[in-house]
Amino acid sequence: MNKDDIIYVAGHRGLVGSAIVRALTAGGYGRIVTRTHAECDLTDAGAVATLFEQEKPAYVFLAAAKVGGIHANNTFPAEFIRDNLAIQTNVIHQAWKSGTRRLLFLGSSCIYPKEAPQPLKEEYLLTGPLEPTNRPYALAKIAGVEMCWSYNRQYGTKFVAAMPTNLYGPGDNYHPENSHVIPALIRKFHEAKLAGASEVTVWGTGTPRREFLYSDDMAAACLFVMNLPDARFATLLGSKDDSFDPPLINIGVGEDLTIRELAGLVARIVGFEGRIATDPSKPDGTMRKLTDVGRLNSLGWRAAKDLREGLADAYKAFLAQEAGR
Numbered sequence: 001m002n003k004d005d006i007i008y009v010a011g012h013r014g015l016v017g018s019a020i021v022r023a024l025t026a027g028g029y030g031r032i033v034t035r036t037h038a039e040c041d042l043t044d045a046g047a048v049a050t051l052f053e054q055e056k057p058a059y060v061f062l063a064a065a066k067v068g069g070i071h072a073n074n075t076f077p078a079e080f081i082r083d084n085l086a087i088q089t090n091v092i093h094q095a096w097k098s099g100t101r102r103l104l105f106l107g108s109s110c111i112y113p114k115e116a117p118q119p120l121k122e123e124y125l126l127t128g129p130l131e132p133t134n135r136p137y138a139l140a141k142i143a144g145v146e147m148c149w150s151y152n153r154q155y156g157t158k159f160v161a162a163m164p165t166n167l168y169g170p171g172d173n174y175h176p177e178n179s180h181v182i183p184a185l186i187r188k189f190h191e192a193k194l195a196g197a198s199e200v201t202v203w204g205t206g207t208p209r210r211e212f213l214y215s216d217d218m219a220a221a222c223l224f225v226m227n228l229p230d231a232r233f234a235t236l237l238g239s240k241d242d243s244f245d246p247p248l249i250n251i252g253v254g255e256d257l258t259i260r261e262l263a264g265l266v267a268r269i270v271g272f273e274g275r276i277a278t279d280p281s282k283p284d285g286t287m288r289k290l291t292d293v294g295r296l297n298s299l300g301w302r303a304a305k306d307l308r309e310g311l312a313d314a315y316k317a318f319l320a321q322e323a324g325r
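Going by my numbering, the residue at position 44 of the sequence shown is 44; the numbering climbs one at a time, nothing skipped.
In structure tokens, the structure reads:
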């Protein structure tokens, strides 16, 4: 990407998109296109067509999505599959029509089968049943991978799907019910500390293992991929024949810990000194989701942020967000 290229970041207010905008701005890219939901509803095909006709972006980061934790996925499954399918269909199609040079479609490691071997390799896609609690969202994202692949094969586009592991950091959603595990724990322990509570209960058994990537590290990886030389970028575009090699790359750190260990780490950073209990009546979700980042590492990129340091930064961001309410 050149500094004067028009770059569209879809979903610039979210955890993923805001981190990408920060990385682009820090990198000196001066022609960043963004639209709020009020300015352009990405589920509206006509609105998206107008945006691309007006801006004609050379590069697109498709970070817009409806996201949430286990509770949100279980409560609003129709919205998760409907909205995500609409968003990615409209943006990917218009990127092709307007001549976008490269597109990076952001998904999630939840696209891999529930019982897939660990760590999760890109080749494990579609090899088994998905985790039921987020199946609608995962199926939508799998469809996005297939759409990138199909457009690459039929139209010669250069669209790649990047699947980050669990993300956290500035711009996260700290809703008490609809957030992911790290922001949910940060809020829970913070409120317990303020209330002088003696105990905090964590959903599930605490035994599932999860991998976490700081959002700014994820953004750095996305820019790294989009800036690869043509020959190396071409290796990510998927097979053109009947062999199963989708245009897919994992983004992660390659290390994980249990939810119980994570809760203890968050509690110490927040300053909660009470007891941590678990509630086995609540769902655990997939027991382990560790990504194999060998493909990304082989291209020359590795995550930089330590989890403890990242959690401390995330808590500071949460406090600043609360102070601004």
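Backbone N, C-alpha and C define an ideal beta-carbon position, used for all residues, glycine too.
- Per the Cβ contact rule, the region 288–299 is not in contact with the region 146–156 (fewer than 3 Cβ pairs under 8 angstroms).
- Glu309: not part of any beta strand (DSSP E); member of the alpha helix (DSSP H) spanning Leu307 to Ala323, first to last residue.
- Looking at the backbone, the Cα of Ser18 and that of Arg31 are separated by about 15 angstroms.
- For Gly204, the pairing in a beta bridge is given by DSSP as Asp279.
- In this structure, the alpha-carbon of Phe105 lies about 34 angstroms from that of His190.
- Residue environment: Pro129 is assigned as exposed (fewer than 16 neighbouring CB atoms within 10 Å of its CB, all protein chains considered).
- In the DSSP annotation of this structure, Ile269 is not part of any beta strand (DSSP E); the continuous alpha helix (DSSP H) holding it starts and ends at Ile259 to Val270.
- The residue among Phe318, Ile251, Asn134 and Arg325 with its C-alpha nearest the C-alpha of Arg302 is Ile251.
- Looking at the backbone, the Cα of Asp242 and that of Leu139 are separated by about 21 angstroms.
- Cβ neighbours of Thr201 within its own chain (closer than 6 angstroms, five residues either side excluded): Ala277 and Asp279.
- Closest by C-alpha distance to Lys282, out of Met1, Cys40, Ile70 and Tyr8, is Ile70.
- If the five residues before and after Ala304 are omitted, its C-beta is found closer than 7 angstroms to the C-beta atoms of Asp217, all from its own chain and listed in chain order.
- When the alpha-carbon of Leu311 is set against those of Glu131, Leu213 and Pro246, the nearest one is in Leu213.
- If the five residues before and after Ile259 are omitted, its C-beta is found closer than 6 angstroms to the C-beta atoms of Gly206 and Pro208, all from its own chain and listed in chain order.
- By the Cβ-count criterion, Asn2 is exposed, with fewer than 16 other Cβ atoms from all chains shown falling within 10 Å of its own Cβ.
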